[in-house]
Every structure is written in C-alpha cells, then in structure tokens.
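Since the structure comes first, as structure tokens, the remarks are kept for the end.
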Amino acid sequence: MNPLIATAQALMAPGKGLLAMDESIGTCNRRFAELAIAPTEEARRRYRQLLVTAPGLAEFVSGAILFDETLQQNSDDGRSFIEVLSTAGILVGIKLDRGAKALAGHPDERVTEGLDGLRERLQRYAAQGVRFAKWRAVLSIDSGLPSRACIQVNAHALARYAALCQEAGLVPIVEPEVLMAGGHALARCSEVTAEVLHQVFEQLHQQGVVLESMILKPNMLLSGEDCATPVSLDEVAEATLSCLRRSVPAAVAGIAFLSGGQPAELATARLNAMHLHKSALVAPAAALPWPLTFSFGRALQQPALAAWAGDDGNRVIAQTALLHRARCNAAALRGTYRPALETAGALA
Ligand code: 13P
C-alpha cells in the first residue's frame, strides 16, 4: 500500500484517536498561568514527558501531535520524545502552522501563516521520523463574519500546506476550526461550517491533494457558547453528521474532531452520540464513508494538567486522569460511553 495511505489508516485505527499536545509556547504558558505553574521550558518538558510516558496510552491513542519545542526535547532517561512515542507504538506528528495573524483589511479576522520555508522544515521533520502534521485555521462567527475573503485565504493556505506535506511524505491533518465564541444558534454554525468545508475541499481538489492520504480535523457543530438555547446530544450529532456527509468526499481517510474548549465530558458524550446516532436523515457513524475519531487537546489534557499542577509528585494521578479521558473517548468510538463511567474507578 502507498505509505502515506498506510499512515493515514494507522492514525485512524479502530478504537483509537489522537492526542493534540501541540500548544505553542504562548498557549501552553497561558494554560500553566491559570494553574499558577511556572512558564519555563523545563516545566513544559516535564509536563509533556508525563503525557507521552503515560503507561498504556497507545491502547487508546494512535498518534500525538507535538510542538517543535517538544520534538527537540528529551525525557529524563535521555531518549528523545520521538523515540519514546515511537517505541510505545504512537505515531509522531508536528504542528506546522505559525499561528493565526490579523487578516489585512478584515478587522476581527485572522489568516494562518507559516508557508514560507515550509518545504525545508518538512524535510527536516521527515528525517527526524515525524509521520504526520497539523495546520489550524480559525474562523469566527459574528454578524457578517466569517467574510468570504477569510474563508478563501485560509482554505488556500490549508491546501498549500497539505500538498507540501504529501510531497514530503507526511500525512496532513487539515484543521479549519469554526470557533465556538459568540451567541449564534446551531443552524448558523451549520451554515458556516458547510461553507468553510466546501471551500477547503475545492482548494484541496484544485491543488491536487490526495484525499486518501489526509485527515480532516473539524469542529463539532454547536451553538455559540453565549447562546441561550441549549442543544441536545442528538441535535449536535445530527447537525454534525449531516453537514459532514454533505461536505466531505468519501475518499478522505478519516475525520478527527477537535474539542474547541468544550467541557471534556461533554465532548466525549457528543462523540458518543455520533456513534449511536440513528435517524431517517443521517446514517449512524458506522455507516458513514469515513471513520470518526477524536483529536482532542484540552478535552484530553485539561484534567491531567490540573492534577499535575506543576508538581511531579502528582505525576501518577495526572497520568491516570489522562488515561481516563483517553479510555472514555475510546469508549465513545464504540458508542458505549455513559456518564456513569466518569465515576472514579468505573473504567479503571
Ligand atoms: P482542542 O481540542 O483543545 O480544541 O485542541 C485541538 C487542537 O489541536 C487545536 O488546534
């Protein structure tokens, strides 16, 4: 089999998902600051070490997305984190974008940068053993937003990044994130996400990206975080699956959701609802053309980070918290997650 397709399929292995632990230095430090953890390179190394050495993580996680700093660091025993993960059977990925910057002429909108020199960076990462990559575009919903320009420039950049990844032998994860911020209804998120996905796949097509060798990392379809109307698990599952079925070609290797700031347990419950979903309009996830999984950052890590709190004396409870979330999310992929599993020890 084509090695890129084999990597994409290994990332989408049944019952497993991805651990996004690729926060930039600034984002990681912000999360540390909320817990009064010192924002040092060594603290970030010790925290990431705790994540990648969690015993048995590979049972639930097929790949981990790292930030460049982590990729260059070693664990206490002198092995690189790439070696630690590879030995555990977890594929190593890298965040390649250099962040979302203000879009000229479009107040409150951003375009993701990082294409300059990307071919050379990809060659270095490929030589280090990195097998896949991620690039995140962000789109905000507001009155009149996102603009057509913002959607187009981000879709174009995502496709340029994806084509370069495939040229270098890495599987691209294409992440167009429609943000949860705002008071919009679920229907508005559906409309915007559908438009964004159509434009992204148009650009991927125009630029010759091989769909079998890429993974889409979308947002779930949700109402805005300030919206007063609650949405049920079934509404989220229905809206998300129908939008994806209408917008994502069947050849795509898989879909791995971001969590986007949802509470960890709710993100799991929604993923589970998608795997249980049955309706006249939308087939259950099992009948979809692509596998669905998680590629969560906060919804996997936040309880572990809070448990660690900067103190390696808490390493074991932090790893237990990470493994618990990973196990719950793996259960969601079978449609067997239920809130009772959150009770301490229920899944141990
Ligand atoms: P969240 O799951 O916290 O949204 O992070 C996923 C991610 O990779 C963001 O780019």
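Its first residue numbered 45, the sequence shown is counted upward by one per residue in our numbering. Here a beta-carbon is modelled for each residue, glycine too, at the ideal position from N, C-alpha and C.
Quick check on the DSSP output: the beta strand (DSSP E) that includes residue i runs from which residue to which?
i             : result
threonine 337 : 336-340
threonine 364 : Careful: threonine 364 lies outside any beta strand (DSSP E), inside the alpha helix (DSSP H) at 359-378.
threonine 156 : 154-156
serine 106    : 105-110
alanine 146   : 144-146
arginine 180  : 176-183
alanine 300   : 298-301
glutamate 256 : Neither: glutamate 256 is in no beta strand (DSSP E) and is coded neither H nor E.
leucine 166   : No beta strand (DSSP E) holds leucine 166; the alpha helix (DSSP H) holding it covers 162-172.
leucine 135   : 135-139
proline 220   : 215-222
Under 8 angstroms between C-beta atoms, does residue i make it to chain D?
i           : result
leucine 248 : Here chain D cannot be found, since the structure has a single protein chain.
Quick check on residue i: does DSSP put it in helix, strand or coil?
i              : result
asparagine 198 : helix
proline 47     : helix
leucine 320    : helix
proline 262    : coil
threonine 71   : helix
glutamine 292  : Note on residue identity: the sequence assigns valine, not glutamine, to residue 292. If DSSP states are grouped into helix, strand and coil, valine 292 belongs with coil.
asparagine 269 : Per the sequence shown, the amino acid found at residue 269 is glutamate instead of asparagine. The answer is coil: DSSP assigns glutamate 269 none of H, G, I, E or B.
proline 347    : helix
alanine 392    : Residue confidence is low: alanine 392 scores 44 on pLDDT, short of 50, so the model does not pin down where it sits. No coordinate-derived value is stated.
leucine 315    : helix
leucine 385    : helix
leucine 55     : helix
alanine 203    : helix
Out of the options, point me to the one whose CA is closest to residue i's CA.
i              : options                           : result
isoleucine 259 : Asp141, Thr156 and Pro335         : Pro335
alanine 353    : Ala57, Arg75 and Ala295           : Arg75
serine 187     : Cys209, Glu221, Ala171 and Ala229 : Ala229
alanine 132    : Glu103, Leu310, Gln251 and Arg180 : Glu103
leucine 332    : Leu208, Leu344, Cys194 and Pro293 : Pro293
glutamate 153  : Val254, Leu202, Ser68 and Val197  : Val197
arginine 192   : Gln210, Lys145 and Gln243         : Gln243
serine 119     : Leu367, Gly107 and Leu95          : Leu95
threonine 364  : Gln345, Met45 and Ala375          : Gln345
serine 291     : Val240, Gly107, Gln172 and Thr387 : Val240
glycine 137    : Gly252, Leu214, His368 and Leu367 : Leu214
isoleucine 185 : Phe176, Ala212 and Pro151         : Pro151
leucine 140    : Asp160, Ile126, Gly122 and Phe125 : Asp160
leucine 48     : Ala148, Cys233 and Val254         : Val254
cysteine 72    : Gly379, Thr84 and Gly61           : Thr84
At what residues does the alpha helix (DSSP H) containing residue i begin and finish?
i             : result
leucine 189   : Segment: none, leucine 189 is in no alpha helix (DSSP H) and carries neither H nor E.
threonine 131 : 125-132
valine 240    : 230-250
leucine 95    : 85-96
leucine 63    : Run containing leucine 63: none in the alpha helix (DSSP H); it sits in the beta strand (DSSP E), 61-65.
Looking at residue i and the ligand 13P, is the gap between the Cβ and the nearest heavy atom below 7 angstroms?
i             : result
glutamate 9   : Nothing can be reported for residue 9, as the shown portion of the chain is limited to 45 through 392.
arginine 342  : yes
glutamate 219 : yes
methionine 64 : Reading off the sequence shown, one finds alanine at residue 64, where the question assumed methionine. Result yes, Cβ under 7 angstroms from the ligand 13P.
arginine 180  : yes
leucine 302   : yes
serine 68     : no
serine 339    : yes
glycine 305   : yes
Pull up the CB-CB distance for residue i and residue j, whole angstroms please, since I reckon it's below 8 angstroms.
i                 : j              : result
arginine 142      : glycine 158    : 4 angstroms
tyrosine 205      : proline 190    : That belief does not hold up - the Cβ atoms of tyrosine 205 and proline 190 are roughly 19 angstroms apart, past 8 angstroms.
leucine 202       : valine 218     : 5 angstroms
phenylalanine 340 : asparagine 316 : Contact flag wrong, Cβ pair sits at about 13 angstroms.
glutamate 269     : alanine 225    : 6 angstroms
leucine 110       : aspartate 66   : 6 angstroms
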